[in-house]
Amino acid sequence: MSLASGDIIEGVEERLQPGERLVWTGKPERTYLARHVLHVRGLLAYFVVLLIVPAVVAASGERLTALVASAWWVAMIGGGIVLFAWFLADMISRTSIYALTDRRVVMRIGIAIPVTLNLPLDAIESVAMRERSDGSGELALQLQAGQRFAYALLWPHARPWQLKQPQPTMRGISQVAAVGAMLRRSLGGSAEPAALRVTSTEVRPTQPVLARP
Numbered sequence: 022m023s024l025a026s027g028d029i030i031e032g033v034e035e036r037l038q039p040g041e042r043l044v045w046t047g048k049p050e051r052t053y054l055a056r057h058v059l060h061v062r063g064l065l066a067y068f069v070v071l072l073i074v075p076a077v078v079a080a081s082g083e084r085l086t087a088l089v090a091s092a093w094w095v096a097m098i099g100g101g102i103v104l105f106a107w108f109l110a111d112m113i114s115r116t117s118i119y120a121l122t123d124r125r126v127v128m129r130i131g132i133a134i135p136v137t138l139n140l141p142l143d144a145i146e147s148v149a150m151r152e153r154s155d156g157s158g159e160l161a162l163q164l165q166a167g168q169r170f171a172y173a174l175l176w177p178h179a180r181p182w183q184l185k186q187p188q189p190t191m192r193g194i195s196q197v198a199a200v201g202a203m204l205r206r207s208l209g210g211s212a213e214p215a216a217l218r219v220t221s222t223e224v225r226p227t228q229p230v231l232a233r234p
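Residues in the sequence shown are numbered from 22 upward in steps of one, following the numbering used here.
Written as structure tokens, this is what we have:
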């Protein structure tokens, strides 16, 4: 990618620093978010089971009208929840963008209140990759001690259940192995220490980051 110093990373609205080079940009895939983050398939299976129960009860001689009404409500509620999950996955995908330079990882996240997270490569201790059968996956960034973001700020761009030490995670990346290789190469060339930074076009968070002492 041929962006020069001072150019703005499209979608992230972050200006490249002098001598900085853009390596990669991407967005989380909507289908990945729906399946593996919001668990749409699990929700569908749950409500299908709830629909089967009235049919089983009907076979035992219960009143058909009441059972049909119960099944109708289950279908309506379940359908609404599943549709909302798909809508949320679409909104997350539309409003999120990840960028990798030879100095930092930049994550533009947030639907109602977009924020931009800047993670200097020197602040990243390790990278954990999870690859699915179709080549998509996610990259979780373990930060150095003393560096952290709040889990609520990161979600859903966070490694699940890592509440004590939240790990910023680029989720739903197509060809995640290739992106992971680029990230590891960039990490190998990182030399200058820096503190984490978060910016926002809508609000200025109070104490968003604990910087390195």
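Built from N, CA and C at the ideal position, the CB exists for glycine as well.
Span separating the alpha-carbon of I30 from that of V95: When rounded, the distance between both Cα atoms is 46 Å.
Which listed residue (M112, A66, R129, A149) has its alpha carbon closest to that of A120: Taking the Cα of A120 as reference, the smallest distance to any Cα among M112, A66, R129, A149 is reached at R129.
Who are the Cβ neighbours of L71 in its own chain at under 6 Å, not counting the five residues just before and after it? Sequence-distant Cβ neighbours of L71 in its own chain, meaning closer than 6 Å and more than five residues away, are V95.
Mind the definition here: the region 51-66 touches the region 132-149 only if three or more C-beta pairs lie below 8 Å; say whether that holds. The region 51-66 is not in contact with the region 132-149.
Let me know the secondary structure DSSP gives R51 once reduced to three states. Helix at R51.
Is the beta carbon of V159 less than 8 Å from the beta carbon of T190? According to the sequence displayed, residue 159 carries Glu and not Val. Contact annotation: E159 and T190 have beta-carbon atoms nearer than 8 Å.
Status (buried if at least 16 other CB within 10 Å, exposed otherwise) for E146: Label assigned to E146: exposed.
Looking only at its own chain, which residues have a Cβ that is under 6 Å from the Cβ of A212, when we skip the five neighbours before and after it? Because the pLDDT of A212 is 47, which lies under 50, any placement of that residue in the model is unreliable, and the question is left without a value.
When you compare only the Cα positions, how much space is there between G99 and T122? Take the alpha-carbon of G99 and the one of T122: they are about 42 Å apart.
Just to check my reading of the structure: L208 and Q188 have Cβ atoms closer than 8 Å, yes? What is that Cβ distance to the nearest angstrom? L208 to Q188, Cβ: 15 Å. No contact.
On the three-state DSSP scale, how would you describe L174? L174 falls in the helix class under three-state DSSP.
Nearest to A106 (by Cα), restricted to the options R124, Y53, M203, W93: Of R124, Y53, M203, W93, the residue nearest in Cα terms is Y53.
Kindly give me the distance between the Cβ atoms of L204 and V127, rounded to whole angstroms, as I take these residues to be in contact under 8 Å. In this structure, L204 and V127 do not form a Cβ contact; the two beta carbons are roughly 12 Å apart against a cut-off of 8 Å.
P39: buried (16+ other C-beta within 10 angstroms of its C-beta) or exposed? Burial state of P39 is exposed, judged by a 10 Å Cβ sphere holding fewer than 16 other Cβ atoms.
Considering only the alpha carbon of each residue, which of W93, E41, M97, M112 lies closest to A55? Ranking W93, E41, M97, M112 by Cα distance to A55 puts M112 first.
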